Amino acid sequence: MHNRKVVAPYNALENAPIPGTWSALLVPDSILPLAVLLGGNLLHSMNLLITATLLPSIVADIGGSYLMSWPTTAFVAASIIAATGSAVVSKAIGNRRAFCGGAMIYATGSVLCALAPSIALIIVGRFVQGLGGGLLAALGYILVRSIFAEALWPRVFGLLASVWSVTVLVGPLIGGIFAGYGYWRGAFFTVAGAAGLLAISAFIVFPPSTREDHQSEYRFPFFRVVLICAYIAFFVAGERVSRSDGQRRAHCNRRRSVRALAPD
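Quick note: the sequence shown uses my numbering, first residue 1, plus one each step.
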């Protein structure tokens, strides 16, 4: 009879069960991966509000007010696509490589936005950012099972969800600081540097992929993603038509007011 070798969890001490307490997350084997996961989730969520705060400054500098809603739309749509396909990516190249790749894609999109001479390139950069951010957000939840003991999963998931409440305060604050100094490009350069550091940290801290990470099969839900993106596109198009119609009516009302006040 062959003895089976039991592999301890990445953050577990040998022959010692992990208690499901907050103090168990404070040991180095747990707190370092947790910090990287929270950083990835924060980077993704925070960027939504940073860019929303910076958009008036961006449009005032490089123009394109008629496309002002598309940078956010491109980011959200790309995030949905990447998050939906994150399982495919993780099974193909492993969780650690996928997370590092997501961070580098995010950094690439940030650099594109920082160097953009027009709103069109801002939209492209935001789309690339969304691909990386969607991977970071989704893989954060996938990596919890391979890094932490099962007793710690509820607490880690709770911390990942709580990041969005921090984003509401931090995102507009950071965006407002850069907008106040008139250097909106600096916000994207800063985010790109943070994403690069996140990729390096993840490669050092996260455990390498195992054979189990590549075993299960997952098909990309292409049809559902197309429907979601189509809904977003129709929503933005409808909003733009409604805005144009409102501007036309306002212009006509102004002309009528001028004619009414003009002397005969």
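Yeah, the Cβ is synthetic: ideal placement off N, Cα and C, and Gly gets one too.
All values derive from a computational prediction rather than experimental measurement.
Query raised in the report: Met1: buried (16+ other C-beta within 10 angstroms of its C-beta) or exposed?
Result: In the sequence shown, residue 1 corresponds to position 1, counting from 1. For Met1, the pLDDT reaches just 45, beneath the cut-off of 50, and the residue's location in the model is therefore unreliable, leaving the point undetermined.
Requested in this report: Count the other C-beta atoms from every protein chain shown that fall within 10 angstroms of the C-beta of Trp70, then say buried if there are 16 or more, exposed otherwise.
Outcome: The residue you call residue 70 lines up with position 70 of the sequence shown. With a threshold of 16 other beta carbon atoms within 10 Å, Trp70 meets it and is buried.
Requested in this report: Look at the alpha carbon of Gly101 and the alpha carbon of Pro154, and state the distance between them as a whole number of angstroms.
Outcome: Stepping through the sequence shown from its first residue, residue 101 is reached at position 101. Stepping through the sequence shown from its first residue, residue 154 is reached at position 154. Going from the Cα of Gly101 to the Cα of Pro154 covers about 26 Å.
Requested in this report: Hey, could you find the ends of the alpha helix (DSSP H) Val168 is sitting in?
Outcome: Numbered from its first residue, the sequence shown carries residue 168 at position 168. Here the alpha helix (DSSP H) through Val168 covers 153-180.
Requested in this report: Output the distance between the C-alpha atoms of Ile123 and Cys113, rounded to the nearest integer angstrom.
Outcome: Taking the sequence shown and counting its residues from 1, one reaches residue 123 at position 123. Taking the sequence shown and counting its residues from 1, one reaches residue 113 at position 113. Straight-line Cα distance between these residues: approximately 8 Å.
Requested in this report: Can you tell me which of Arg96, Leu136, Ala199, Met68 puts its alpha carbon nearest to the alpha carbon of Ser83?
Outcome: Taking the sequence shown and counting its residues from 1, the one referred to as residue 83 is at position 83. Here the sequence assigns Ala to residue 83, which means Ser is not the residue at that position. Answer by Cα proximity: Leu136.
Requested in this report: Within its chain, find whatever has a CB closer than 8 Å to the CB of Val144; leave out the 5 residues flanking it on each side and keep chain order.
Outcome: Here residue 144 corresponds to residue number 144 of the sequence shown, with the count starting at 1. If you ignore the 5 residues before and after Val144, its C-beta comes within less than 8 Å of the C-beta of Leu37, Trp153, Val156, Phe157, Leu160, all in its own chain and listed in chain order.
**Report entry** Option nearest Ala195 by Cα separation, candidates Glu150, Val226, Ile105, Gly134
**Finding:** Position 195 of the sequence shown holds residue 195. Comparing Cα-Cα distances from Ala195 to each of Glu150, Val226, Ile105, Gly134, the minimum goes to Ile105.
Query raised in the report: Roughly how many angstroms separate the alpha carbons of Gly186 and Phe178, rounded to a whole number?
Result: The sequence position of residue 186 within the sequence shown is 186, counting from 1. The sequence position of residue 178 within the sequence shown is 178, counting from 1. Spanning the two alpha carbons is a distance of roughly 7 Å.
Query - Three-state secondary structure assigned by DSSP to Leu115 - result: Translated into positions along the sequence shown, residue 115 becomes position 115. Leu115 carries a coil assignment under DSSP once its states are collapsed to helix, strand and coil.
Report task. Given a cut-off of 8 Å, decide if Ile119 and Ile62 are closer than it, judged by their beta-carbon atoms. Result -> Taking the sequence shown and counting its residues from 1, one reaches residue 62 at position 62. Taking the sequence shown and counting its residues from 1, one reaches residue 119 at position 119. The answer is yes: Cβ separation under 8 Å.
Report task. Take the Cβ of Phe99 as the centre, count every other Cβ of all protein chains shown within 10 Å, and call the residue buried at 16 or more, exposed below. Result -> Position 99 of the sequence shown, counted from the first residue, corresponds to residue 99. Classification of Phe99: buried, given that the 10 Å Cβ count is 16 or more.
Query raised in the report: How big is the Cα-Cα spacing for Ser45 and Tyr181?
Result: Reading the sequence shown from its first residue, position 45 is the one you call residue 45. Reading the sequence shown from its first residue, position 181 is the one you call residue 181. The alpha-carbon atoms of Ser45 and Tyr181 are separated by roughly 23 Å.
Query raised in the report: What is the residue span of the alpha helix (DSSP H) that Val84 lies within?
Result: The sequence position of residue 84 within the sequence shown is 84, counting from 1. Checking the sequence shown, residue 84 turns out to be Thr, not Val. Per DSSP, Thr84 belongs to the alpha helix (DSSP H) from 70-84.
Query raised in the report: Can the beta-carbon of Trp184 be found closer than 8 Å to that of Ile58?
Result: Start at 1 with the first residue of the sequence shown, and residue 184 comes out as number 184. Start at 1 with the first residue of the sequence shown, and residue 58 comes out as number 58. Going by C-beta atoms, Trp184 is nearer than 8 Å to Ile58.
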